[in-house]
Amino acid sequence: MSKSALVFDPVTAIGFIGQTVLVELRWNNDNEMLWRCYHIVGVVLPVPGVFEDGYFLVMPFDGSEDLPLEVYFDNINVIRGIRDRHAPAKVLERLQLTHLLQGQTKEGERHHA
Numbered sequence: 176m177s178k179s180a181l182v183f184d185p186v187t188a189i190g191f192i193g194q195t196v197l198v199e200l201r202w203n204n205d206n207e208m209l210w211r212c213y214h215i216v217g218v219v220l221p222v223p224g225v226f227e228d229g230y231f232l233v234m235p236f237d238g239s240e241d242l243p244l245e246v247y248f249d250n251i252n253v254i255r256g257i258r259d260r261h262a263p264a265k266v267l268e269r270l271q272l273t274h275l276l277q278g279q280t281k282e283g284e285r286h287h288a
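Note that my numbering numbers the sequence shown so that position 109 is 284, with each residue one more than the last.
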């Protein structure tokens, strides 16, 4: 049974701009959950009848991208602001090693944000 996606109101979504966050992502019809750490640099809010899907503009924590990525609200299962610079490592060290290895990609491959 999958958990329903988080719902972001405009004030909450805009409040994440400038924060570093740890997110758990999931996609429809995919049981794999991925943890990622991002800097939120912008937000695109849904506009009923014009653009139905809101998303965050993010930069990966590791600096691996030159331009922001889109992380759609409906793909976010969990989002947590990070104040402690070591928090991502603390969370990741608690995950099972096999779970981490399954989420890795080979050079040149890209599966998810």
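For each residue, glycine too, the CB sits at the ideal point set by N, CA and C.
Run of the alpha helix (DSSP H) containing residue i, from where it starts to where it stops
{"i": "residue 190", "result": "185–190"}
Residues bridged to residue i (per DSSP)
{"i": "residue 217", "result": "232"}
{"i": "residue 222", "result": "226"}
{"i": "residue 209", "result": "200"}
Element boundaries [beta strand (DSSP E), containing residue i]
{"i": "residue 197", "result": "195–200"}
{"i": "residue 252", "result": "251–256"}
{"i": "residue 245", "result": "244–247"}
C-beta contact flag for residue i and residue j at 8 Å
{"i": "residue 186", "j": "residue 215", "result": "no"}
{"i": "residue 253", "j": "residue 198", "result": "yes"}
{"i": "residue 236", "j": "residue 218", "result": "no"}
{"i": "residue 258", "j": "residue 196", "result": "no"}
{"i": "residue 210", "j": "residue 250", "result": "no"}
Local Cβ density within 10 Å of residue i, reported as buried at 16 or more and exposed below that
{"i": "residue 200", "result": "buried"}
{"i": "residue 226", "result": "exposed"}
{"i": "residue 222", "result": "exposed"}
{"i": "residue 193", "result": "exposed"}
C-beta neighbour in chain C for residue i, strict 8 Å
{"i": "residue 246", "result": "The structure shown contains no chain C, having only a single protein chain."}
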